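Have a look at the structure below before the remarks.
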Amino acid sequence: MTIVGRLVSRRDMGKNASFANLRDGSGAFQLYLRRDRLGDEPYAQFRALIDLSDFIQATGTPMRTRSGEPTLEVTEYRLLSKALTPPPDKWHGVTDTETRYRQRYVDLMVNEETRQRFVTRTRIISAMRRFLDAQGFLEVETPSLQPLYGGAAARPFTTRYNALDQTFYLRIADELYLKRLIVGGFERVYEICKDYRNEGIDAKHSPEFTMMELYQAYADYETIMRLVEEMIHAIALEVRGEPTITFGGRTVTLTPPWRRVKMRDAIAEWSGVDYAALPEQANLYAAAAAAGREQGKDLDITPGTVWPRIVDELFKTFVRPNIVEPTFIYDYPTALSPLAKGKPGDPTTVERFQPLILGSEIGNAYSELNDPQEQLARFREQSRDRAAGDEEAMPIDEDYVAALRYGMPPTGGLGIGIDRLVMLFTDQHAIRDVILFPALRNSDGKASD
RNA sequence: GACUCGGUAGCUCAAUGGCAGAGCAACUGACUUUUAAUCAGUGGGUUGUGGGUUCGAGUCCCACCCGGGUCACCA
């Protein structure tokens, strides 16, 4: 029998024998090295030259020790590659968060739990791919470098495209490109890719994050709700072997159908405020502030806060913490969603929903706005907000409007934040812990340019 | 960006303003079924950086750097 791996521990017993453990991707295996089996010279060299973290290949005969541990009694070994830096403390490992992020390879080398977490991340993504592929979705690739950004409300990273001698932006979303593909005749497309938003970093936000977006022709947001609950359920079965997840000590079942609650009803139920009956900003503000006082909740609003922000704040403060079981919150105010299709006969509301699990928003979906004139009007509204100082309002994408003029079928769309989903599945409360190499400032403190 | 906690040996951590230490790792030696092996010994430090107070600073003060947390920002 021959095995290879990294030397992760050793116990030398006198001049004539050693135990050691080799680890490879499948686990660790014990070696027993005796001078009388290996020969004087090779054994002496093992003692003198082989260090922890070296990669070696060992050949020998399988045996069991007194305590019954499967062990390879080595007759021959070979150094495959040499480690110059010794590994961290064998018992305490590495706990320093900065080291774990900066030198993730050390974290992975030492902490089995970290390795497992990233394996789970990969399994979640491949389960998602399998599910979508089986549903007939076509995985596509769209540009990361875009002459015009759009598809979300966010500040972009800006860069220079030398060959084109033009300013480009790193994508904040792939939405507008994917919908161009729907116009082009693809009926089910998806893309799993990095989006980049030039904004703050905290436990739930990383400027560089992974998103899955999909678009399905001849579908609406109700179709997408069914797809989401089935997909997340399927991923749980595949990754965890059961339709549940446990996060922060709470366990929920993901079996469809999930609860469906209208945004308006949810806010009315938990805060007592019916925003649809209060179209005037001043009235809504007064009602929200009163509800906050009554329930002793601290709302982050001022008399100047715009109407849609107050609705959002009501939702965040009163509703979100109470949504534990998987739930679709649906039918959002139009002002929050410039790319979503309005509800028939109700210009104040769009066909949009967000799936919530254990208080966490794992995605965003809507019936896509496919009316070019309406879309242009919404873009112009954004453009006015932009002129008024809203840096996150979307720029007008003339070519996207031109695409819609060729006709886009009724379409349902979805975005799932992969990192947040992985956080839920792995019970992690910091997004950095599900990203292999989270962005950190230069450790020497010097600017790099 | 604000507040707050932290940064000491390769790793995990100690040290009333008074000689900078332990365990693991490394190195030397003992031990041929150990597994956090055991035992004896040795070496290892610009205490994040730069100033200041003091007879004396890891410790107190100021500025800065890096990281965590909370908040703000981010639907």
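Residue numbering for the first sequence follows the working numbering, beginning at 376 and increasing consecutively.
Built from N, CA and C at the ideal position, the CB exists for glycine as well.
Just so it is clear, the structure is predicted and the values come from calculations on it, not from any experiment.
C-alpha gap between residue i and residue j, whole angstroms
i, j, result
"T460", "E767", "47 angstroms"
"A651", "G764", "27 angstroms"
"L689", "P696", "11 angstroms"
"A495", "G624", "Sequence inspection shows Thr at residue 495; the Ala mentioned does not correspond to that position. If you take the alpha carbons of T495 and G624, they lie about 19 angstroms apart."
"Q670", "D570", "38 angstroms"
"A458", "S428", "6 angstroms"
"M783", "F430", "57 angstroms"
"I793", "N396", "36 angstroms"
"Q432", "Y418", "14 angstroms"
"R807", "E448", "42 angstroms"
"K390", "R490", "36 angstroms"
"V699", "A710", "27 angstroms"
"L779", "P747", "5 angstroms"
"D687", "A611", "30 angstroms"
"A661", "K718", "27 angstroms"
"A715", "A548", "15 angstroms"
"G575", "E583", "11 angstroms"
"T825", "M798", "Residue 825 is absent from the model: the chain starts at 376 and stops at 824."
"T470", "D482", "8 angstroms"
"P618", "G788", "24 angstroms"
"T497", "F622", "19 angstroms"
"R795", "P518", "23 angstroms"
"M586", "A527", "12 angstroms"
Secondary structure of residue i, DSSP reduced to three states
i, result
"Y593", "coil"
"E743", "strand"
"M769", "coil"
"N396", "strand"
"H608", "helix"
"D570", "strand"
"R386", "strand"
"S646", "helix"
"Y476", "helix"
"P461", "coil"
"F690", "helix"
"K718", "strand"
"R758", "Contrary to the premise, residue 758 reads as Ser rather than Arg in this sequence. Helix."
"M484", "helix"
"G525", "coil"
Same chain, Cβ closer than 8 angstroms to residue i, five either side skipped, listed in chain order
i, result
"D772", "L523, G525, L551 and F754"
"F543", "L520, Q521, P522, T533, T534, R535 and Y536"
"D399", "I378, V379, G380 and R381"
Supposed close pair residue i, residue j - CB separation, criterion 8 angstroms
i, j, result
"I567", "F800", "Rounded, the Cβ-Cβ distance is 16 angstroms, inconsistent with contact."
"E516", "R504", "Actually they are not in contact, since the Cβ atoms of E516 and R504 sit about 14 angstroms apart, beyond 8 angstroms."
"K637", "Y741", "About 14 angstroms separates the two Cβ atoms, so there is no contact after all."
"S581", "I737", "With 8 angstroms as the limit, S581 and I737 do not qualify as a contact, their Cβ atoms being about 15 angstroms apart."
"T724", "A594", "The Cβ separation is near 19 angstroms, so there is no contact."
"R572", "A529", "4 angstroms"
"F512", "Y565", "5 angstroms"
"A805", "A578", "5 angstroms"
"R555", "Y775", "7 angstroms"
"G790", "N739", "5 angstroms"
"M600", "F506", "15 angstroms between Cβ atoms; not a contact."
"F703", "R479", "That belief does not hold up - the Cβ atoms of F703 and R479 are roughly 36 angstroms apart, past 8 angstroms."
"T450", "L406", "The Cβ separation is near 11 angstroms, so there is no contact."
"C634", "D649", "Going by the sequence as given, residue 634 is Arg instead of Cys. That belief does not hold up - the Cβ atoms of R634 and D649 are roughly 20 angstroms apart, past 8 angstroms."
"Y596", "E726", "5 angstroms"
"I732", "P701", "5 angstroms"
"E613", "A509", "Going by Cβ atoms, the distance from E613 to A509 rounds to 12 angstroms, so no, they are not a contact pair."
Own chain residues within Cβ distance below 7 angstroms of residue i, not counting five before or after
i, result
"Y781", "V558"
"V694", "A641, I642 and W645"
"P353", "The structure shown does not extend to residue 353, since the chain is modelled only from 376 to 824, so the question has no answer here."
"E655", "none"
"K465", "S384"
"I500", "I567 and I793"
"Q750", "L744, V776 and L779"
"D387", "S393 and R422"
Cβ-based neighbour list, residue i, same chain, cut-off 6 angstroms, excluding 5 preceding and 5 following
i, result
"A392", "R409"
"T377", "T434"
"Q420", "none"
"P462", "L427 and S428"
"G667", "L674"
* Between the stretch 380-387 and the stretch 411-429, do at least 3 Cβ pairs fall closer than 8 angstroms? -> When Cβ pairs closer than 8 angstroms are counted between the two stretches, the stretch 380-387 is seen to touch the stretch 411-429, the count reaching three or more.
* **Cβ pair count under 8 angstroms reaching 3, the stretch 624-634 against the stretch 593-609** => Judged by Cβ distances under 8 angstroms, the stretch 624-634 makes contact with the stretch 593-609, as three or more pairs qualify.
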